[in-house]
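Heads up, the thing below is written out as structure tokens.
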Amino acid sequence: MTDVSDGVLHTLFRSDQGGHEQVVLCQDRASGLKAVIAIHSTALGPALGGTRFYPYASEEEAVADALNLARGMSYKNAMAGLDHGGGKAVIIGDPERIKTEELLLAYGRFVASLGGRYVTACDVGTYVADMDVVARECRWTTGRSPENGGAGDSSVLTSYGVYQGMRAAAQRLWGDPSLRDRKVGIAGVGKVGHHLVEHLRAEGAEVVITDVREDAVRRILDRHPEGVSAVADTETLIRTEGMDIYAPCALGGALDDDTVPVLTARVVCGAANNQLAHPGVEKDLADRGILYAPDYVVNAGGVIQVADELHGFDFDRCKAKASKIFDTTLAIFARAKEDGIPPAAAADRIAEQRMAEARPLR
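Numbered by this note's numbering, the letters in the sequence shown go through residues 28 to 389 in order.
Set out below in structure tokens:
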């Protein structure tokens, strides 16, 4: 057994981060597809999670990401009250260079071969138009365009859910859910982040943004000449004086041993998945008096939307469900206080209880 396989198998079968039901390695030489589909749990129903298209540095990094993301989806779907387990897929490569119709169709065939155990949707590097292509080979595809029977862009409700999580954090910390005059820093103003800016400005919050793409920052500043400012990078953002809320909305691992000690914000609530770089970061945040709204709870608006698509999409119904993220987040804060643990641990306990009490899918 090679060292690469040893690391993957240890995570899959022996580590606390494992427990996955199935991992599928997919390759189609004709199109250049290399993908990993990870199914963490089907205890609550078919695994549901997006497809990430990203130029990983190595195959083992891609597998590790798929495993972590799939596990996170189990917890996210459980806390969102959905009858779905957790799964995730990653396609290895730069989508700007290798994404083709043939590759997406090949990927769709692999998802279809699982017979409905995994339902796919959009994630980083994949879009509604991509899911329309995948759906031509696989009926277990959500996040499609309205023209093709889908719900469209799931980032709309993802941002709305994060906004509700922020309101819940404000209620818990300051006794009022209003975000008016609060200073909110957003790292990443792409798919979700730019919608989040709209919610915050509509309520009168002051917003500070940063993004690795200058065009994304410029789009926001042009639209909001007042009330929004930009800083050069995330390192500058997290040190911004007077910041009330920090919203990581790019890739995971935003909260680590280097960032937590210098955070000026009193609240962390963002859309990025897997924000805690390693176990123990949640305690570091709590020790500094920083209230952390668990990422997989507050960013569940998107998965609520794509899950609803499977039953005939209704936006108002989905928005009503996403509004409950406010109540769910408050309940997690209350459980954390009651049990004397960080909110991330409280959310895990609640999700694990729901999964444990469910009967496996037959």
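The beta-carbon is built from N, C-alpha and C at its ideal position, and this holds for glycine as well. Nothing here was measured: the structure is a model prediction, and the numbers come from that model.
Reference residue i; option with closest CA among the options
| i | options | result |
| --- | --- | --- |
| G269 | K61, K210 and A93 | K210 |
| I119 | W167, R98, M106 and I64 | I64 |
| V117 | A105, L94 and G307 | L94 |
| V183 | D375, P252, G367 and G328 | G328 |
| I368 | T355, D341 and G307 | G307 |
| G112 | R124, L96 and H338 | L96 |
| N300 | L282, T291, R240 and D311 | L282 |
| S101 | G114, D92 and V90 | G114 |
| D354 | E336, Y190, G215 and G316 | Y190 |
| V155 | I272, G176 and L36 | G176 |
| Q380 | M106, V330, A148 and K348 | M106 |
| T153 | V51, G279, E123 and V146 | E123 |
| V258 | T286, D284, P288 and A214 | A214 |
| A51 | S140, E241, R166 and L75 | Residue identity check: residue 51 is Val in the sequence provided, not Ala. Selected option, being the one with the closest Cα: S140. |
| V239 | D335, S205, L223 and A277 | A277 |
| G108 | A334, D343 and G316 | A334 |
| R199 | R376, E253 and A363 | A363 |
| E241 | V216, E225, V224 and L223 | V216 |
| A383 | K346, G46 and F40 | G46 |
| R246 | F342, L39 and V224 | V224 |
Separation of residue j from residue i, as counted between CA atoms
| i | j | result |
| --- | --- | --- |
| A391 | L357 | Lying before the first or after the last residue shown, residue 391 is absent from the chain, which here runs from 28 to 389. |
| G72 | A243 | 37 Å |
| E128 | D55 | 13 Å |
| F360 | R136 | 42 Å |
| D121 | P82 | 5 Å |
| A57 | L131 | 12 Å |
| L227 | E233 | 8 Å |
| P321 | P275 | 12 Å |
| K351 | A373 | 17 Å |
| L388 | L337 | Confidence at L388 is low in this model, with a pLDDT of 40, below 50, so its placement is unreliable and the value that follows should be read with caution. If I take the Cα positions, the gap works out to 17 Å. |
| V325 | A89 | 25 Å |
| G192 | D203 | 13 Å |
| R194 | V255 | 19 Å |
| H305 | G143 | 32 Å |
| K348 | K310 | 30 Å |
| V294 | I272 | 5 Å |
| R163 | D157 | 10 Å |
| I236 | T261 | 9 Å |
| L75 | A378 | 15 Å |
| R250 | A229 | 13 Å |
| E53 | D150 | Rather than Glu, the amino acid found at residue 53 in this sequence is Cys. Going by the C-alpha atoms only, they are around 18 Å apart. |
| A62 | G279 | 19 Å |
| S68 | R166 | 20 Å |
| R59 | I125 | With the sequence shown as reference, residue 59 is identified as Gly, and Arg is not the correct amino acid for it. Using only the alpha carbons, I get a separation of about 8 Å. |
| L36 | H222 | 39 Å |
| L248 | G212 | 14 Å |
Residues sharing a beta bridge with residue i, DSSP
| i | result |
| --- | --- |
| G99 | Partner(s): none; G99 has no beta bridge. |
| I66 | Q49 and G114 |
| Y145 | A74 |
| L132 | Answer is none; L132 lacks a bridge partner. |
| D55 | L60 |
| R194 | None; R194 has no bridge partner. |
| F80 | I118 |
6 Å Cβ shell around residue i - same chain, five flanking residues per side excluded
| i | result |
| --- | --- |
| D110 | L71 and G72 |
| P173 | G179 |
| K218 | S182 |
| E48 | I66 |
| Y323 | G99, Y102 and K103 |
| V31 | Summary for V31: the model assigns pLDDT 48, below 50, so the residue's position carries little reliability, and this model does not support an answer. |
| D92 | V117 |
| M28 | Note that M28 has pLDDT 34, beneath the 50 cutoff, so the model's placement of it is unreliable and the number below is only indicative. Hits under 6 Å: none found. |
| F340 | A178 |
| A196 | V294, C296, L318 and A320 |
| F391 | An answer regarding residue 391 cannot be provided, because it is not within the stretch 28 to 389 covered by the chain. |
Near the ligand ADP: residue i beta-carbon under 7 Å from a heavy atom
| i | result |
| --- | --- |
| E336 | Because no ligand of any kind appears in the structure shown, any question about the ligand ADP cannot be addressed here. |
Cut-off 8 Å between Cβ atoms - residues of its own chain near residue i, not counting five sequence neighbours on either side
| i | result |
| --- | --- |
| V161 | T78, L131, L132, Y134, G135, V138, T147 and T168 |
| A371 | L303, E309, Y319 and P321 |
| V287 | V308, D311, L312, R315 and I317 |
| G188 | V325, N326, A327, G328, G329, I331, A349 and I352 |
Same chain, Cβ closer than 7 Å to residue i, neighbours up to 5 away in sequence not counted
| i | result |
| --- | --- |
| R266 | V289 and T291 |
| T185 | V219, A298, N326, G328 and G329 |
| G231 | R207 and D208 |
Q) Taking only runs of the alpha helix (DSSP H) that begin and end inside the region 200-259, which ones reach a length of at least 4 residues, in chain order? A) Runs of the alpha helix (DSSP H) inside the region 200-259: 220-230 and 241-250.
Q: List in chain order: all unbroken alpha helix (DSSP H) runs of 4+ residues lying wholly within the region 149-181.
A: 155-161
Q) What are the uninterrupted segments assigned as alpha helix (DSSP H) that are 4 or more residues long and contained completely in the region 258-340, given in chain order? A) 261-264, 308-314, 322-325 and 328-336
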